[in-house]
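Participant:
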Amino acid sequence: MAVLKVIEVLANSSKGWEDAAANAVAQASKSVKNIRSVYLNEQSATVKDGEITDYRVNVKITFEVK
């Protein structure tokens, strides 16, 4: 049996939601090891002059505690 923990991370990107999620995992992996999965909880975007300028995600990252 494994012990898992879930943390919530907010991240953004000017490219898209997938890139924002990748940024969240990359940032979390600097201090958290054994990441198993990521769940996209929320997506939002900032709009300026009728165009999306920033993509934002709220993700839940699951990792194994050893």
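Each residue of the sequence shown is one higher than the one before, counting from 9 in our numbering.
The beta carbon of each residue, even a glycine, is placed where N, CA and C say it ideally should be.
Bridge partners of Arg-64, per DSSP?
Facilitator: On the sequence shown, position 56 is the one that residue 64 refers to. Arg-64 is bridged to Asn-20 and Ser-52.
Participant: Can you list, in chain order, the residues of its chain whose CB lies under 7 Å from that of Ala-28, leaving out five sequence neighbours each side?
Facilitator: Locating residue 28 in the sequence shown gives position 20, counting from the first residue. Answer for Ala-28: Ala-19, Asn-20, Ser-21, Tyr-63, Arg-64 and Val-65, listed in chain order.
Participant: Report yes if the CB atom of Ala-34 is closer than 9 Å to the CB atom of Val-67, and no otherwise.
Facilitator: The count along the sequence shown starts at 1 and reaches residue 34 at position 26. The count along the sequence shown starts at 1 and reaches residue 67 at position 59. Contact: no.
Participant: Can you tell me whether DSSP reads Val-40 as helix, strand or coil?
Facilitator: Within the sequence shown, numbered from 1, the residue matching residue 40 stands at position 32. Looking at Val-40 - three-state DSSP - the assignment turns out to be coil, as it is neither helix nor strand.
Participant: Between Glu-50 and the rest of its own chain, which residues show a CB-CB distance below 6 Å, the 5 nearest in sequence each way excluded?
Facilitator: To locate residue 50, count along the sequence shown from 1; it is residue 42. Hits under 6 Å: Asn-66.
Participant: How big is the Cα-Cα spacing for Lys-56 and Val-11?
Facilitator: Against the sequence shown, residue 56 aligns to sequence position 48. Against the sequence shown, residue 11 aligns to sequence position 3. In a straight line, the C-alpha of Lys-56 is about 44 Å away from that of Val-11.
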